[in-house]
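Chemist: Chains as they are written, first to last, in the numbering used here: chain A, 1 to 204; chain B, 1001 to 1336. Ideal Cβ positions, reconstructed from N, Cα and C, are used throughout, including at glycine. Dumping the structure here so I can ask a few things about it.
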């Protein structure tokens, strides 16, 4: 199919281009916008692979929520980027190290058939063929049936991280005026208004 | 040569024709929604509403459109030009693309994809970018404040919308829009899931930045919020996008809770009326509620808005997801 390979090249070209622009754009807001474009095109690649559920989740979670908060923070912060760019290259060794480790891991994953020819069969045991059921169904079976304990453990880890973040940022300040909703709702008319009969010609 | 024609060119022309078949009625609906809004609010406030241009003022939307079309577009010198122009286009496009998966009658849908409702959720969650980009690119205080409010507001209400969708999906067992409608043949979901229906309606108001949650453009405090610096056609695109989004969220409500194109009772003479008419009637009903709410309620204060989203709707919708799932398991009501 010519159309789908054309679409693949289009999506992957734009993904790589926008990924490069994320790190080379001068304006940080432009960087985030390019990041969003990169997310979008990766979602397009997922659709081409037939993983439409993952594509939609990528857009909902990363573009719809994470990147909005990113943009929010980048727009609000007043950072001097010229200052930030000084000594930029001193991070090159550690950046290169992270890149090399990631590369090695990817090679190990995608080249695993060289090390262990059976690995593909082991990985594929739990996966139901995509022609029988939709991929939403298949993902559900994997996550909630075969790997439920690992999934729950990951969830607990995230919960702990969330509570940690809240505890780190919460601070009790005295003398702050706050609205107490339940007090406000429970106010009765008699508590706040008093009706008095005033005879004309005299005060209260 | 013939192959290229039958394999590529003809399907392309056919799809473009179908897209036009959706977009043109939608734009007419948007035009008349602005007219309906002014008429409805007018009569609620004992005024006439537009009544000068054409019979009953029916040509008013076109007069407004023409006026905006011929006015001069002003791009502020301090603005970020590309993003400034991109923002209204994005808002308008996002208002239209959601319609690709909306079934207006049995089989009347551009693309009947398996993850239809997720696609709609994704598209509606992107709506915030048009506003946030406009606010930032304008390089001006009021639009920026509007954009920040909008970002916080839309992200907050999306969470509860997500849980409402999850409850409906628990009852349906599929993400496909047609399946969702077909699952409501016995009873429309707004009866068994009534609390979620109310939450969805209110979150829909917040998601489309409509009154009483129209804080991003609060004209009394932020002048007009994110679209202060926009003029002429770029402003018109924001306007069209906002109204197209309103119709989209109403269509979503109709499909999730009011049985889509299904008639209210399964009677022969009601079934003779085409599904698209039922669908439009129901969407009009929800849109009327949108306008009614705007004419009735005062604007929320910002902290009240955030409290409602995070402290009331989120725990309640989470609780109701558990209740629905529990009921389905306990009474063995699994969807087939």
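I'd like the ranges of any alpha helix (DSSP H) spanning at least 4 consecutive residues and lying wholly in the region 1140 to 1187 of chain B.
Modeler: The qualifying runs are 1141 to 1172, 1177 to 1182.
Chemist: With a threshold of 8 Å, are at least 3 pairs of Cβ atoms found where one atom belongs to the region 1128 to 1144 of chain B and the other to the region 1070 to 1087 of chain B?
Modeler: Yes, the region 1128 to 1144 of chain B is in contact with the region 1070 to 1087 of chain B.
Chemist: Closest to residue 1229 of chain B by C-alpha separation, out of B/1097, B/1113, B/1136, would be which residue?
Modeler: Translated into the one-based positions of the second chain, residue 1229 of chain B becomes position 229. That would be B/1136, whose Cα lies nearest to the Cα of residue 1229 of chain B.
Chemist: By the three-class DSSP mapping on this structure, what secondary structure does residue 194 of chain A have?
Modeler: As a first step, residue 194 of chain A must be located in the first chain, where it is residue number 194. Residue 194 of chain A: coil per DSSP, three-state reduction.
Chemist: Counting only beta-carbon atoms, is residue 169 of chain A nearer than 8 Å to chain B?
Modeler: The sequence position of residue 169 of chain A within the first chain is 169, counting from 1. Judged by the 8 Å Cβ criterion, residue 169 of chain A is not in contact with chain B.
Chemist: Could you compute how far the alpha carbon of residue 155 of chain A sits from the alpha carbon of residue 1236 of chain B?
Modeler: Numbered from 1 along the first chain, position 155 holds the residue referred to as residue 155 of chain A. Numbered from 1 along the second chain, position 236 holds the residue referred to as residue 1236 of chain B. About 45 Å.
Chemist: Quick one: what does DSSP say residue 1267 of chain B is sitting in, helix, strand or coil?
Modeler: Numbered from its first residue, the second chain carries residue 1267 of chain B at position 267. Residue 1267 of chain B: coil per DSSP, three-state reduction.
Chemist: Going by C-alpha to C-alpha distance, which of B/1286, B/1071, B/1326, B/1100 sits closest to residue 1338 of chain B?
Modeler: A question about residue 1338 of chain B goes unanswered here, because the residues of chain B that appear run from 1001 up to 1336.
Chemist: Quick check on DSSP: helix, strand or coil for residue 1048 of chain B?
Modeler: On the second chain, residue 1048 of chain B is found 48 positions in, with the first residue counted as 1. The answer is coil: DSSP assigns residue 1048 of chain B none of H, G, I, E or B.
Chemist: Mind listing the chain A neighbours of residue 1019 of chain B? Cutoff is C-beta to C-beta under 7 Å, in chain order.
Modeler: Your numbering for residue 1019 of chain B matches position 19 in the second chain. Chain A residues near residue 1019 of chain B: none, gap ~17 Å exceeds 7 Å.
Chemist: Excluding the 5 residues flanking residue 36 of chain A on each side, which residues of the same chain have their C-beta closer than 7 Å to its C-beta?
Modeler: For the purposes of this step, residue 36 of chain A is taken as the residue at position 36 of the first chain. Around residue 36 of chain A: 63, 67.
Chemist: At which residues does the alpha helix (DSSP H) containing residue 90 of chain A begin and terminate?
Modeler: Mapped onto the first chain, residue 90 of chain A falls at position 90. From DSSP, residue 90 of chain A is part of no alpha helix (DSSP H); its letter is neither H nor E.
Chemist: If we define contact as Cβ-Cβ less than 8 Å, is residue 194 of chain A a contact residue for chain B?
Modeler: Start at 1 with the first residue of the first chain, and residue 194 of chain A comes out as number 194. Cβ-Cβ to chain B under 8 Å: no for residue 194 of chain A.
Chemist: Starting from residue 134 of chain A, find everything on chain B with Cβ-Cβ shorter than 7 Å and list it in chain order.
Modeler: Numbered from its first residue, the first chain carries residue 134 of chain A at position 134. By Cβ distance, chain B contributes 1114.
Chemist: Considering only the alpha carbon of each residue, which of B/1273, B/1234, B/1060 lies closest to residue 1090 of chain B?
Modeler: What you label residue 1090 of chain B is simply residue 90 of the second chain in a count that begins at 1. Residue 1090 of chain B has its Cα closest to that of B/1234, out of B/1273, B/1234, B/1060.
Chemist: Just to confirm my understanding: we take residue 1176 of chain B, look at its own chain, exclude 5 residues before and 5 after, and list those with CB closer than 6 Å. What are they?
Modeler: As a working mapping, residue 1176 of chain B is identified with position 176 in the second chain. Counting only Cβ-Cβ distances below 6 Å, and skipping sequence neighbours, we find 1114, 1116.
Chemist: For residue 65 of chain A, return the contacting residues in chain B, with the cut-off set at a CB-CB distance below 8 Å.
Modeler: Your numbering for residue 65 of chain A matches position 65 in the first chain. By Cβ distance, chain B contributes 1125, 1155, 1158.
Chemist: So, does the region 1144 to 1161 of chain B touch the region 1120 to 1131 of chain B, judging by three or more C-beta pairs under 8 Å?
Modeler: Yes, they touch.
Chemist: Against chain A, does residue 1119 of chain B count as a neighbour if the rule is that its beta carbon must be under 8 Å from one of theirs?
Modeler: The residue given as residue 1119 of chain B occupies position 119 in the second chain. Yes, residue 1119 of chain B lies at the interface with chain A (some Cβ there is under 8 Å from its Cβ).
Chemist: Could you name the residues of the same chain whose beta carbon sits closer than 6 Å to that of residue 1157 of chain B, not counting the 5 residues immediately before and after it, in chain order?
Modeler: Along the second chain, read from residue 1 onward, the residue named residue 1157 of chain B stands at position 157. So the qualifying residues of the chain are 1203, 1206, 1207, 1309.
Chemist: Show which residues of chain B have a CB atom less than 9 Å away from the CB atom of residue 53 of chain A.
Modeler: Counted from its first residue, the first chain places residue 53 of chain A at position 53. Under the 9 Å cutoff, chain B gives 1114, 1115, 1118, 1175.
Chemist: For the putative contact between residue 1276 of chain B and residue 1261 of chain B, defined by C-beta atoms under 8 Å, what is the C-beta separation to the nearest angstrom?
Modeler: Within the second chain, numbered from 1, the residue matching residue 1276 of chain B stands at position 276. Within the second chain, numbered from 1, the residue matching residue 1261 of chain B stands at position 261. At roughly 7 Å, the Cβ-Cβ gap stays under 8 Å, so residue 1276 of chain B and residue 1261 of chain B are in contact.
Chemist: Give the range of the alpha helix (DSSP H) segment to which residue 28 of chain A is assigned.
Modeler: Within the first chain, the letter at position 28 stands for residue 28 of chain A. First-last of the alpha helix (DSSP H) with residue 28 of chain A: 28 to 49.
Chemist: Quick one: Cα of residue 1217 of chain B to Cα of residue 1075 of chain B, how far?
Modeler: Residue mapping note: residue 1217 of chain B aligns to position 217 of the second chain, counting from 1. Residue mapping note: residue 1075 of chain B aligns to position 75 of the second chain, counting from 1. About 19 Å.
Chemist: Can you tell me which of B/1102, B/1314, B/1258, B/1239 puts its alpha carbon nearest to the alpha carbon of residue 1069 of chain B?
Modeler: In the second chain, residue 1069 of chain B corresponds to position 69, counting from 1. It is B/1239.
Chemist: Does any CB atom of chain A fall closer than 8 Å to the CB of residue 1310 of chain B?
Modeler: Start at 1 with the first residue of the second chain, and residue 1310 of chain B comes out as number 310. No, its Cβ sits nowhere closer than 8 Å to a Cβ of chain A.
Chemist: If contacts are defined as beta-carbon pairs under 8 Å, then residue 45 of chain A and residue 15 of chain A qualify, I think. What distance do you get, rounded to the angstrom?
Modeler: Residue numbering aside, residue 45 of chain A sits at position 45 when the first chain is read from its first letter. Residue numbering aside, residue 15 of chain A sits at position 15 when the first chain is read from its first letter. 7 Å between Cβ atoms; contact.
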